[in-house]
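Report on the structure given below.
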Amino acid sequence: MEPNMGQALAAVLILLVTTRALWYLLWRPYAVARWFGRQGIQGPPYRFLVGSLPECQTMLVAGRAKALDTSSHDCITTVQPFFRKWASQYGNELIECLYPDRYGKTFLYWLGPTPALCCTDMELVKQMFSDRTDVFQKEYLNPSLDSILGNRVIFANGDDWKRRRKFVHPAFNQETIKSMSAIAWECMQQAMERWCAQLQEQQQAEIDMRHDSDEIAMGVIARVMLGKDHEEAREVMVAGREQMEIAAYAFRPGRRGSSTSLTGLASGVYEDDRLGQMLQLQACRSSAETLSTQEMIGECRTLFAAGYETNASVITWAMFLLASYPRWQEMVREEVVREYPACCRHQPPPFDTLGKLKLSMSAIAWECMQQAMERWCAQLQEQQQAEIDMRHDSDEIAMGVIARVMLGKDHEEAREVMVAGREQMEIAAYAFADLPLPGFRYLPTRRNRRTWQLDKLVTSKISHILKARLASSVYEDDLLGQMLQLQACRSSAETLSTQEMIGECRTLFAAGYETNASVITWAMFLLASYPRWQEMVREEVVREYPAHQLPPVDTLGKLKLLNMLLLETLRLYGPLTFLQRKTVSDTILANTKVPKGTMISIPLLMLHRDKEVWGPDADEFNPMRFQSGVSRDTKLSRALLAFSYGPRVCAGQNFAMVKVQIVIATILRSFSFSLSPSYVHKPSNFVTLLPRYGLPLFVRNLQRLTE
Numbered sequence: 046m047e048p049n050m051g052q053a054l055a056a057v058l059i060l061l062v063t064t065r066a067l068w069y070l071l072w073r074p075y076a077v078a079r080w081f082g083r084q085g086i087q088g089p090p091y092r093f094l095v096g097s098l099p100e101c102q103t104m105l106v107a108g109r110a111k112a113l114d115t116s117s118h119d120c121i122t123t124v125q126p127f128f129r130k131w132a133s134q135y136g137n138e139l140i141e142c143l144y145p146d147r148y149g150k151t152f153l154y155w156l157g158p159t160p161a162l163c164c165t166d167m168e169l170v171k172q173m174f175s176d177r178t179d180v181f182q183k184e185y186l187n188p189s190l191d192s193i194l195g196n197r198v199i200f201a202n203g204d205d206w207k208r209r210r211k212f213v214h215p216a217f218n219q220e221t222i223k224s225m226s227a228i229a230w231e232c233m234q235q236a237m238e239r240w241c242a243q244l245q246e247q248q249q250a251e252i253d254m255r256h257d258s259d260e261i262a263m264g265v266i267a268r269v270m271l272g273k274d275h276e277e278a279r280e281v282m283v284a285g286r287e288q289m290e291i292a293a294y295a296f297r298p299g300r301r302g303s304s305t306s307l308t309g310l311a312s313g314v315y316e317d318d319r320l321g322q323m324l325q326l327q328a329c330r331s332s333a334e335t336l337s338t339q340e341m342i343g344e345c346r347t348l349f350a351a352g353y354e355t356n357a358s359v360i361t362w363a364m365f366l367l368a369s370y371p372r373w374q375e376m377v378r379e380e381v382v383r384e385y386p387a388c389c390r391h392q393p394p395p396f397d398t399l400g401k402l403k404l405s406m407s408a409i410a411w412e413c414m415q416q417a418m419e420r421w422c423a424q425l426q427e428q429q430q431a432e433i434d435m436r437h438d439s440d441e442i443a444m445g446v447i448a449r450v451m452l453g454k455d456h457e458e459a460r461e462v463m464v465a466g467r468e469q470m471e472i473a474a475y476a477f478a479d480l481p482l483p484g485f486r487y488l489p490t491r492r493n494r495r496t497w498q499l500d501k502l503v504t505s506k507i508s509h510i511l512k513a514r515l516a517s518s519v520y521e522d523d524l525l526g527q528m529l530q531l532q533a534c535r536s537s538a539e540t541l542s543t544q545e546m547i548g549e550c551r552t553l554f555a556a557g558y559e560t561n562a563s564v565i566t567w568a569m570f571l572l573a574s575y576p577r578w579q580e581m582v583r584e585e586v587v588r589e590y591p592a593h594q595l596p597p598v599d600t601l602g603k604l605k606l607l608n609m610l611l612l613e614t615l616r617l618y619g620p621l622t623f624l625q626r627k628t629v630s631d632t633i634l635a636n637t638k639v640p641k642g643t644m645i646s647i648p649l650l651m652l653h654r655d656k657e658v659w660g661p662d663a664d665e666f667n668p669m670r671f672q673s674g675v676s677r678d679t680k681l682s683r684a685l686l687a688f689s690y691g692p693r694v695c696a697g698q699n700f701a702m703v704k705v706q707i708v709i710a711t712i713l714r715s716f717s718f719s720l721s722p723s724y725v726h727k728p729s730n731f732v733t734l735l736p737r738y739g740l741p742l743f744v745r746n747l748q749r750l751t752e
C-alpha cells in the first residue's frame, strides 16, 4: 500500500510541475499575446521557451559584421538592431489618442517566456518613472547580476528602497563631491605620467583610452569609497568587473572566498571615507534603523559597481567624441586652459574652480588623472606621438577615483574589489539572454562557478574592511564612513545589516566605475574624431582651467563647451542602452491594459535619437544643441535620460559629471589626440556601452612641444 501511495504522490507532483511548466511556457505567452493583440499591440511571434532571443541574436550578428564609420553614431545598428526593426515593423501608436502630436512606437517581444513591451514615447516613460513608480518597479532578469547589484539601492523597491536610500544618498552631498575632486585629479595625474613616459622619445604615441578610462575610474572609486583601504577596494572592483563580464554574456541574445569576519567593527575607528561615514551614521541610530553587516557589505558592493563602471564608460565615450571632433576638443581645451591655472599639472586645482556644483571629490579625480598623464608622458619622452588605449586608461582613472572616494585610505583594497567586480560585470554581460529558467544560476557551469568564486572574493574583501572600521570606531571620511555614521545614528528598524552594507558598496563600486569609464572613453572618441571641437574645448579649458593644480571650484561651471560636449556624449553614447521596469499588478498605460508581470523596456538609444525630440540632426554630433541647457533645447523637459528620471534618478550623477569634467579638462590641458588607424568603431553592450576593441588614440604632449 505504501509504495502505491508514494507513487501516487510522485505522480501528482509530476503532474503539478508539468501543468505549471505548460502554463508558464505555453498557455500564458499565448494568452498574453492575444490580450495585447486585441488592443492593437503586435510584435514578433513567441517561440517556445526561447521567445524572441534567437531573432535578436541573428540581427546582432548581422549588425556586427561590418564596422561603423567613425563619423557615424548609429550604434543602434551594432547594439540593438532588433528594437529598431520591430518598432518599424510592429510599432503601434499607443498614445495617439492622448497625445496626437507624438508618435511613440510600442510593440511586444519576448524575453524567453516573459512578455516585454518596448516603449519609445517620452511622455509614457515620464509617467512610469515619476508618477507611477509603485506599479512600474525596477526589475532585472539576469541572475549573474544578483551578486553585483542584487536587491540593493539600485534595484530595491518600496519601503526597502527608502530605507537603503537614507544611507546611500547622503554620501553624495556637496562636501563629498568636493573631497572627491582632489582624488580624481590625482588619479588623472597618474594616467598622464604613463602617457608622458610613452612620449619621451617621440612626438606622438598610441594609447588605449578604453583601458586608461577603466584605470582612472577604478582608482577614483576605490579611494573615495575606502580611503586608505583603496587597494582592497581595487581587488573588489577587479572581481566585480569579471562578474559584470560574465553577466554581459546574458545580455547578448541567443548566448548562453570563503568570507572573512568583519574584523574592523571592533576597532571603533571608522576612517574619513565613504565607508567610514556610513559606519558613523550606523553608530548613531537605534538597532531598528541600522543595516545588518551583510546589508552594509551589499551596499558597498553596489557603490563599487555603480561608481566604477559608469565612470569608466563616461570617460571612454567622452574621449571618443573629443577625438572624433577636434574642433570641440580645442574649444573645450581653451575653456580648461582659461579656467584651470597653469599649475594644474603638479597639484590639485583649487576646489572653487569646479563651479556651482560644489564638487567635492575634485582633488581625488585630479590626482588620479595626474597618474595617468605621467604614464603618457613616459611614453612620449623620446617621440612626439604615442598610441594609448583610452579604454584601458579610462578604466584606470575611474577605478582610482571611485576606490579612494569610497574607501579612502583603504583604496588599494577597493581597487581589488573593483577588478573582481569588473570581471563579474563581463561575465554578466555574456549572460543577459540566458533563458530565464528557475534554478539556472545554481547549476555548476563554468561561468556560474567563476561567478561564485568572485562573489566570495568581493564579499570577503569588503567584509574585512567593514569589520576593521567598526572595530576601530573611526569611520573615516569616505563614502563607506558616511554610511557607517548614518547607520550608527538610527534605530535598528531603519539600519542596514552588514550584508546589506556590503551589497551597497559592491553596487556603488560597479555603477560608479563602469559608467564613468564609459563616458570618458566616448568623450575622448568624439574629441579625437572632431579636431575642430577638440581645439575649441581646449581653448576654453586653457582659458578657464588652472595648469598643474586642482582647479578652483567655480571653474567647472565656466567650462560651458566641455559641459555641452559631455551632454552630447551622454545622448549619443550613454553608458546604459536601455532601462527596464516590471508591472507588479494589472494596470493601464495610455488606454492599454497591461497584465501583471509584464516587462517594460525603454530603449535609450532610440529615445536619444528621436527626431521629434532632438530635431532632424538627431543622428549627428552637435553639442550646440545644449547651448541653452537640456530643457530649453528639447520639446520635452528632461529628454536626456542617461541618469534616469524621477524619484529613482541616479543619486551620483553630479558626482560622476564632476569627475568626468576634471578628467577631460586635465587631459586637454596637456595633450592633443587623434584616432589611431587601428581603431575599429563597433560600440557594444557590455552592461555599459563600450568600444568592442578598445579605443587606441595617438597622443601628443602639448607642453613638450611648446618648451
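Under our numbering, think of the first position of the sequence shown as 46, with each following residue one higher. Quick reminder that beta carbons are idealized off the backbone N, C-alpha and C, glycines included. Since the model is a prediction, treat every value here as computed from it, not as a measurement.
#1: Once DSSP output is grouped into helix, strand and coil, what is the label at Y69?
#2: Under the three-state reduction of DSSP, which class applies to S304: helix, strand or coil?
#3: Is the stretch 719-729 in contact with the stretch 463-471, if contact means three or more CB pairs nearer than 8 Å?
#4: With which residues is S258 paired in a DSSP beta bridge?
#5: DSSP on T733, reduced to helix/strand/coil?
#6: May I have the straight-line CA-CA distance separating V265 from W567, to the nearest angstrom?
#7: Keeping to the same chain, check which residues put their C-beta closer than 7 Å to that of I442; ignore five residues upstream and five downstream.
#8: Buried or exposed: which applies to R514, given that a residue is buried once 16 or more other Cβ atoms fall within 10 Å of its Cβ?
#9: How about R420 and D434: do their beta carbons lie closer than 9 Å?
#10: I need the straight-line Cα distance from W69 to D204, nearest angstrom please.
#11: If we require 3 or more residues per run, which beta strand (DSSP E) segments fall completely within the stretch 625-678?
#12: Tell me which residue opens and which closes the alpha helix (DSSP H) that A684 is part of.
#13: Helix, strand or coil, according to DSSP, for D114 in the structure here?
#14: Any contact between the stretch 597-613 and the stretch 634-650? By contact I mean 3 or more CB pairs, one from each, below 8 Å.
#15: Do you know offhand how far I447's Cα is from P74's?
#16: Could you have a look at S312 and say whether DSSP puts it in helix, strand or coil?
#17: Mark M569 as exposed unless 16 or more other C-beta atoms lie within 10 angstroms of its C-beta, in which case mark it buried.
#18: Going by the CB atoms, is the gap between V705 and N561 shorter than 9 Å?
#19: Check the DSSP bridge columns for A448 and list the partner residues they point to.
#20: Which one of L742, L617, S133 and A242 has the shortest CA to CA distance from D662?
#21: Cα-Cα, which of L367, A459 and M451 is closest to R577?
#22: Of the residues S673, Q430 and P648, which one's Cα is nearest the Cα of A132?
#23: Restricting to Cα atoms, I'd like to know which of R588, Y154, T540 and Y590 is closest to I86.
#24: Answer with buried or exposed for H653, where buried requires no fewer than 16 other C-beta atoms within 10 angstroms of its C-beta.
#25: With the cut-off set at 9 Å, would you say W373 and E580 are in Cβ contact?
#26: The alpha helix (DSSP H) with I433 in it runs from where to where?
#27: Would E432 and E246 qualify as a contact pair, given that the criterion is a beta-carbon distance under 9 Å?
#28: What are the residues that DSSP puts in a beta bridge with T338?
#29: In angstroms with no decimal places, state the Cα-to-Cα distance between I125 and N49.
#30: How many Å lie between A555 and N356 at the Cα?
#31: Do you know whose CA, among V503, I645, K207 and A701, lies nearest V281's CA?
#32: Among S117, A423 and T159, which has the Cα closest to the Cα of L71?
#33: Please determine, among S717, V732 and F181, the residue with the shortest C-alpha to C-alpha distance to K627.
#34: How is the beta strand (DSSP E) around N746 delimited, first residue to last?
#35: Give me the residue from T711, D631, N636 and F716 with the minimum Cα distance to V77.
#36: Can you tell me which of the three DSSP states H726 falls into?
In short, the structure shows the following:
#1: Reading the sequence shown from its first residue, position 24 is the one you call residue 69. Looking at Y69 - three-state DSSP - the assignment turns out to be helix.
#2: Taking the sequence shown and counting its residues from 1, one reaches residue 304 at position 259. Note that S304 scores a pLDDT of 35, beneath 50, so its modelled location is shaky; the value from the coordinates is reported in the next line. Coil at S304, not helix or strand.
#3: no
#4: To locate residue 258, count along the sequence shown from 1; it is residue 213. S258 is bridged to S439.
#5: Here residue 733 refers to the residue found at position 688 of the sequence shown. Of the three classes helix, strand and coil, the one that applies to T733 here is strand, per DSSP.
#6: Along the sequence shown, one-based indexing puts residue 265 at 220. Along the sequence shown, one-based indexing puts residue 567 at 522. The straight-line gap from Cα to Cα measures roughly 19 Å.
#7: Translated into the one-based positions of the sequence shown, residue 442 becomes position 397. The answer, listed in chain order, is C232, M233, A236, D257, S258, E260, I261, A262, G264, V265, I360, C413, M414, A417, I565 and V708.
#8: On the sequence shown, residue 514 is found 469 positions in, with the first residue counted as 1. The residue in question, R514, is buried, as its Cβ has 16 or more Cβ neighbours within 10 Å.
#9: Counting from 1 along the sequence shown, the entry for residue 420 is found at position 375. Counting from 1 along the sequence shown, the entry for residue 434 is found at position 389. In this structure, D434 does not lie closer than 9 Å to R420 by Cβ.
#10: As a position in the sequence shown, residue 69 is number 24, starting the count at 1. As a position in the sequence shown, residue 204 is number 159, starting the count at 1. Residue identity differs from the one stated: residue 69 is Tyr in this sequence, not Trp. Straight-line Cα distance between these residues: approximately 30 Å.
#11: 632-634, 637-639 and 644-648
#12: Reading the sequence shown from its first residue, position 639 is the one you call residue 684. Counting along the chain, A684 falls outside any alpha helix (DSSP H), and DSSP gives it neither H nor E.
#13: As a working mapping, residue 114 is identified with position 69 in the sequence shown. Coil.
#14: no
#15: Position 402 of the sequence shown, counted from the first residue, corresponds to residue 447. Position 29 of the sequence shown, counted from the first residue, corresponds to residue 74. The straight-line gap from Cα to Cα measures roughly 43 Å.
#16: Position 267 of the sequence shown, counted from the first residue, corresponds to residue 312. Residue confidence for S312 is low, a pLDDT of 48 falling below 50, so the modelled location carries little weight and cannot support an answer.
#17: To locate residue 569, count along the sequence shown from 1; it is residue 524. Buried, because 16 or more other Cβ atoms sit within 10 Å of the Cβ of M569.
#18: Here residue 561 refers to the residue found at position 516 of the sequence shown. Here residue 705 refers to the residue found at position 660 of the sequence shown. In this structure, V705 lies closer than 9 Å to N561 by Cβ.
#19: The residue you call residue 448 lines up with position 403 of the sequence shown. Looking at the DSSP assignment, A448 forms a beta bridge with A267 and V269.
#20: In the sequence shown, residue 662 corresponds to position 617, counting from 1. Answer by Cα proximity: L617.
#21: In the sequence shown, counting from the first residue as 1, residue 577 sits at position 532. Checking every option, the nearest Cα to that of R577 belongs to L367.
#22: Looking up residue 132 in the sequence shown gives position 87. Nearest option by C-alpha distance: P648.
#23: Along the sequence shown, one-based indexing puts residue 86 at 41. Nearest option by C-alpha distance: Y154.
#24: Along the sequence shown, read from residue 1 onward, the residue named residue 653 stands at position 608. H653 is buried by the Cβ-count criterion.
#25: By one-based count along the sequence shown, residue 373 stands at place 328. By one-based count along the sequence shown, residue 580 stands at place 535. The answer is yes: Cβ separation under 9 Å.
#26: Position 388 of the sequence shown holds residue 433. Unbroken run through I433 is the beta strand (DSSP E), C422 to D434; no alpha helix (DSSP H).
#27: Taking the sequence shown and counting its residues from 1, the one referred to as residue 432 is at position 387. Taking the sequence shown and counting its residues from 1, the one referred to as residue 246 is at position 201. Their beta carbons are not under 9 Å apart, which means E432 does not touch E246 by this criterion.
#28: The residue you call residue 338 lines up with position 293 of the sequence shown. BP columns for T338 point to T543.
#29: For the purposes of this step, residue 125 is identified with residue 80 of the sequence shown, where counting begins at 1. For the purposes of this step, residue 49 is identified with residue 4 of the sequence shown, where counting begins at 1. For the sequence presented, residue 125 should be read as Gln rather than Ile. When rounded, the distance between both Cα atoms is 55 Å.
#30: Mapped onto the sequence shown, residue 555 falls at position 510. Mapped onto the sequence shown, residue 356 falls at position 311. Taking the straight line joining both Cα atoms gives about 9 Å.
#31: Within the sequence shown, the letter at position 236 stands for residue 281. That would be V503, whose Cα lies nearest to the Cα of V281.
#32: Numbered from its first residue, the sequence shown carries residue 71 at position 26. Of the candidates S117, A423 and T159, the one whose C-alpha sits nearest the C-alpha of L71 is T159.
#33: Within the sequence shown, the letter at position 582 stands for residue 627. Comparing Cα-Cα distances from K627 to each of S717, V732 and F181, the minimum goes to F181.
#34: Taking the first residue of the sequence shown as 1, we reach residue 746 at position 701. Looking at the DSSP string, the run of the beta strand (DSSP E) that includes N746 is P741 to N746.
#35: If you number the sequence shown from 1, residue 77 lands on position 32. Taking only the C-alpha atoms, the option nearest V77 is D631.
#36: Start at 1 with the first residue of the sequence shown, and residue 726 comes out as number 681. Correct three-state label for H726: strand.
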